[in-house]
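Reminder that position 103 of the sequence shown reads as 103 in this note's numbering, one-by-one numbering, no gaps.
Think of the CB as a built atom: it goes at the ideal place given N, C-alpha and C, for glycine as much as any other residue.
Note that the coordinates shown come from a computational prediction; the quantities given were computed from them, not determined experimentally.
Some notes on the structure that comes next.
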Amino acid sequence: MDDDEAVREALSDLLLVLELSCHTFDRAEAFMADYVPGRYDCLITDVSMPGHSGLDLLQRLRDIGSSMPVIIVTADTRPATRSHAMRGGAYAYLTKPIESEALLRHLQSALRRE
1 MDDDEAVREA
11 LSDLLLVLEL
21 SCHTFDRAEA
31 FMADYVPGRY
41 DCLITDVSMP
51 GHSGLDLLQR
61 LRDIGSSMPV
71 IIVTADTRPA
81 TRSHAMRGGA
91 YAYLTKPIES
101 EALLRHLQSA
111 LRRE
């Protein structure tokens, strides 16, 4: 999930090459409107988006009892933001520009966990 369409398309293309299905959303509210427990195996989200942030979404998911792995992909390099995300239950925190191999490594690990 990212408010930047180019980022959403690039991530989607990467996952499709690996034969992983994905759904893209441009904001947290759109994701939550579609969310049903068990529908998704992992969430990849940006932090800074219009409306609710990726960190707000992470907190909401944990509040409703979801243990779905959440991978944060963001341009925010502040240690406090990273710490907040990890304390909030993020599976991984990657900063943009991301390396495809690093994202795939974390994603595969998260999917094995589920």
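From which residue to which residue does the beta strand (DSSP E) around residue i run?
i          : result
residue 45 : 43 to 45
residue 72 : 70 to 74
Which residue from the options puts its Cα closest to that of residue i?
i           : options         : result
residue 111 : 44, 31, 81      : 44
residue 57  : 37, 102, 39, 29 : 29
residue 80  : 47, 67, 10      : 47
Cutting at 7 Å between CB atoms, please list the residues of its own chain near residue i, excluding the five before and the five after it.
i           : result
residue 93  : 72, 82, 85, 86
residue 113 : 69
Quick one: what does DSSP say residue i is sitting in, helix, strand or coil?
i          : result
residue 20 : coil
residue 7  : helix
residue 92 : strand
residue 12 : helix
Given a threshold of 16 other Cβ atoms within 10 Å of its Cβ, counted over all protein chains shown, does residue i qualify as buried or as exposed?
i           : result
residue 107 : buried
residue 115 : Since the first residue shown for the chain is 1 and the last is 114, residue 115 is missing from the structure and cannot be characterised.
residue 54  : buried
residue 36  : exposed
residue 98  : buried
residue 77  : exposed
residue 90  : buried
Just curious, the alpha helix (DSSP H) that residue i is in, first and last residue?
i          : result
residue 85 : 79 to 87
Excluding the 5 residues preceding and the 5 following residue i in the sequence, name in chain order all residues of the same chain whose CB lies nearer than 8 Å to its CB.
i          : result
residue 26 : 1, 2, 3, 5, 8, 49
Kindly list the residues whose CB is nearer than 6 Å to the CB of residue i, restricted to its own chain and excluding five residues on each side of it in sequence; keep chain order.
i          : result
residue 22 : 12, 15
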